[in-house]
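K.L.:
One structure follows; several queries about it will come next.
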Amino acid sequence: MKHSNSNLWVIIIVVVFAAGLLLSNCSRGSSVNDSLTPEFFSQEIRGEITISAYEAAFFNAYLEEAANLFEARYPNTKINIETFSAMPVVTEVDDGDGNIVYMSVTEDNPQARTDYLNRINTRVMSGTGADIYAMDIIPLHKFIESGSLENLDAYLNLDPEFNKADYRQNILEALRYRNGIWFLPMSYDFRHYIYDTTLIPAGIAAGFGADKAWSIKKLFDVGIPLYDGNSKLFDFTGYNDASGSVIFWQLLNEDIRRFVDIESKRANFTDGEFVKLLEASKKYSDDGYIPQDYDNQEEIMRRMMEADSERIFFKAGMSFDLMDQFYRSSGMEVWGVGFGGNEDDDIAGIQSMNDGSVQFNYSYGFGLNSRSKNKALAWAFIKFLLSDEMQLSPNMYIGYPLNNKARDERLELFFTGALYGMPSSTLNDRQRQGLENYKAAVEKLSDSINALLIRDTNINDMIAAEVRYFFNGSRTADEVARVLQNKVDLYLSE
């Protein structure tokens, strides 16, 4: 059995810059598989398949574990794993108090991404591609247009062993795109916002809660009139890497559909709104609402440690950060990696797009090659990844399981640290209540999800390449907008 080398990494900070691929319009594969008879699902699981993923840091250990367990269960199978990116570089950083903290950073390597995606494109066109693709940096819409992905709708509905009710229904519905479901995420995540109850008046705070959704722009609208020049409105912490400030990318993410409509293949950078976004993101930093970006890891780590004792109007977080919130309220020592904070913090709501929709994120998602020569085995392996066993794997570093039963159990294992081998201990009544509140918050926040943002990382690369000229002062916002309009228009029309 030929597998890639696996490593278990405790990822504290991973900076991943994504790029994409311009796929050629090869012949379309079938969008609906007419061969999905009862015999298809009852046949013996045997043979060999290959899984292809770019991000080694996320997939190596996870897929190695799954392949070993699956092959033990089905002895007549062989699961090959291909991953291509370099593993993160782990460095020791002094937190300023004499403590050593390990930081893991994945360096941006556009050429490596391009090589990987060109390789996939060539294999797809020749009919020799992998059986399963990790949907990490692959542009979903291009793969659908080329017919390279199997529509999984019929699999979900006809497989007697797959019960859709066992999985989060609104996530499955949010996956629907162009009359199909083209990949399945193993887990999902979302960004949420926290507010400091000592800085936000009660009348405004009444509009916050785990059942609410807020965009960054709306939170700025709330916070700016309250700003006193002391506490930051947001504590976005990132590198000063010339590809645009952290706040720019946050604002762009929540309004990207205004500028790029992948469905209708239209770009819209020149109506003045993109110029306003660029100028606003610079102004937020210049006016002191958020910190300046930092030049190195040590500065970022020191800033994170300082933020623990500071009052900040709003913070943005994901799964680790949400758990930390309930750790503090339970009187427990935080073992996870969060954004700091204090017991006066509370949930403002889940992140929404500016159009009001609420998207989810995923790190582990897989699609089935429509030209796979062993679809039965490939589908069986995807189902195995959705099983309780693999949904509870500590090698699935990020997110909440799509599997409802596994999600409930994983939240408890995560909360107690048992998921990562920490000594188990009995929770006292306060801690048990904190755990139940944590689970309830995850479910309530998750209930708001109703959309999957179809991304194209090639377009993100175009934006990153051009906005740096605005932030370094060599081009105006209007000039950057015009260049992007031409580049993205051309790309979408191909």
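Under this note's numbering, read the sequence shown as residues 47 to 540, first letter to last. Where is the CB? At the ideal position from N, CA and C, for every residue including glycine. Note that the structure is predicted; figures quoted are calculated from it, not measured.
Taking 8 Å as the cut-off, does the region 215-233 touch the region 502-509 (at least 3 CB pairs, one atom from each stretch)?
P.N.:
No contact exists between the region 502-509 and the region 215-233.
K.L.:
Work out the CA separation of Phe266 and Lys361 for me, nearest whole Å.
P.N.:
Straight-line Cα distance between these residues: approximately 12 Å.
K.L.:
For Gly175 and Gly269, I'd like the C-alpha separation in whole angstroms.
P.N.:
Rounded to the nearest angstrom, the two C-alpha atoms are 50 Å apart.
K.L.:
Since Tyr234 contacts Tyr408 with CB under 8 Å, what's their CB separation in whole angstroms?
P.N.:
Rounded, the Cβ-Cβ distance is 5 Å, consistent with contact.
K.L.:
Pick out whichever of Leu186, Thr160, Arg514, Leu195 has its Cα sitting closest to the Cα of Gly173.
P.N.:
It is Leu195 whose Cα lies nearest to the Cα of Gly173.
K.L.:
Return helix, strand or coil for Glu356, following the three-state DSSP convention.
P.N.:
In the structure shown, Glu356 sits in coil (DSSP, three-state: anything other than H, G, I, E or B).
K.L.:
Based on DSSP bridge pairs, tell me the residues matched to Phe412.
P.N.:
Ala180, Leu230, per the DSSP bridge assignment.
K.L.:
Which whole-angstrom value describes the C-beta separation of Met181 and Phe412, a residue pair presumed to lie in contact below a C-beta threshold of 8 Å?
P.N.:
About 7 Å separates the two Cβ atoms, so the contact holds.
K.L.:
Distance check for Leu324 and Ile246, CA to CA, integer angstroms please.
P.N.:
Each residue's Cα considered, the two are about 27 Å apart.
K.L.:
In this structure, how does DSSP classify Asn53 when only helix, strand and coil are distinguished?
P.N.:
Unreliable placement is indicated for Asn53, whose pLDDT of 33 sits below 50; the coordinate value is still reported in the next sentence. Correct three-state label for Asn53: coil.
K.L.:
Spell out a yes or no on whether the region 473-481 and the region 365-380 are touching, meaning 3 or more CB-CB pairs, one atom from each, closer than 8 Å.
P.N.:
Because the criterion of three Cβ pairs below 8 Å is met, the region 473-481 and the region 365-380 touch.
K.L.:
From Tyr213 to Ala118, what does the alpha carbon distance come to, in whole angstroms?
P.N.:
Roughly 26 Å separates the two Cα atoms.
K.L.:
Looking only at its chain, what residues have a beta carbon closer than 7 Å to the beta carbon of Gly255, apart from the 5 residues adjacent to it on each side?
P.N.:
The answer, listed in chain order, is Ile393, Gly395.
K.L.:
Relative to the C-alpha of Lys419, which candidate in Ile95, Gly193, Leu432 has its C-alpha closest?
P.N.:
That would be Ile95, whose Cα lies nearest to the Cα of Lys419.
K.L.:
Go to Phe116, then tell me how far its alpha helix (DSSP H) extends in each direction, as first and last residue.
P.N.:
102-119 is the extent of the alpha helix (DSSP H) around Phe116.
K.L.:
Straight-line CA distance for Leu414 to Ala424?
P.N.:
So the alpha carbons of these two residues sit roughly 7 Å apart.
K.L.:
What is the residue span of the alpha helix (DSSP H) that Ser327 lies within?
P.N.:
Run containing Ser327: 319-332, per the alpha helix (DSSP H) assignment.
K.L.:
Between which two residues does the beta strand (DSSP E) containing Asn567 stretch?
P.N.:
The structure shown does not extend to residue 567, since the chain is modelled only from 47 to 540, so the question has no answer here.
K.L.:
Could you tell me which residues DSSP puts in a beta bridge with Trp260?
P.N.:
Answer is Gln397.
K.L.:
Kindly list the residues whose CB is nearer than 7 Å to the CB of Leu68, restricted to its own chain and excluding five residues on each side of it in sequence; keep chain order.
P.N.:
Any answer about Leu68 is weak, because its pLDDT of 32 lies below 50 and its placement is not dependable; what the coordinates show is given next. Around Leu68: Asn504, Tyr537, Glu540.
K.L.:
From Leu198 to Asp161, what distance separates their C-alpha atoms?
P.N.:
The straight-line gap from Cα to Cα measures roughly 28 Å.
K.L.:
Could you tell me the alpha carbon to alpha carbon distance between Pro206 and Glu90, rounded to whole angstroms?
P.N.:
The alpha-carbon atoms of Pro206 and Glu90 are separated by roughly 15 Å.
K.L.:
Starting from the C-beta of Lys429, find all residues in its chain whose C-beta is less than 8 Å away, skip the five residues before and the five after it, and write them out in chain order.
P.N.:
The residues are Asp205, Glu207, Phe208.
K.L.:
Tell me whether Arg312 is buried or exposed, calling it buried when 16 or more other Cβ atoms sit within 10 Å of its Cβ.
P.N.:
It is exposed - the Cβ of Arg312 has fewer than 16 other Cβ atoms within 10 Å.
K.L.:
CB-CB under 7 Å to Phe86, same chain, minus the five flanking residues each way: which ones, in chain order?
P.N.:
If we look at Phe86 and ignore the five residues flanking it on each side, its Cβ neighbours are Ala422.
K.L.:
Pull up the distance between the alpha-carbon of Val60 and that of Ile444, whole angstroms please.
P.N.:
Because the pLDDT of Val60 is 34, which lies under 50, any placement of that residue in the model is unreliable, and the number read from its coordinates should be weighed accordingly. Taking the straight line joining both Cα atoms gives about 11 Å.
K.L.:
Quick check: what's the CA-CA separation for Ala259 versus Ser327?
P.N.:
Near 21 Å, if we compare the C-alpha coordinates of Ser327 and Ala259.
K.L.:
Distance check for Arg159 and Arg528, CA to CA, integer angstroms please.
P.N.:
Using only the alpha carbons, I get a separation of about 26 Å.
K.L.:
Compute the Euclidean distance between the alpha carbons of Asn474 and Thr462, then round it to the nearest angstrom.
P.N.:
Spanning the two alpha carbons is a distance of roughly 12 Å.
K.L.:
Is the beta carbon of Ile178 sitting closer than 9 Å to the one on Ser98?
P.N.:
Yes; because the gap between Cβ atoms is below 9 Å, this pair is in contact.
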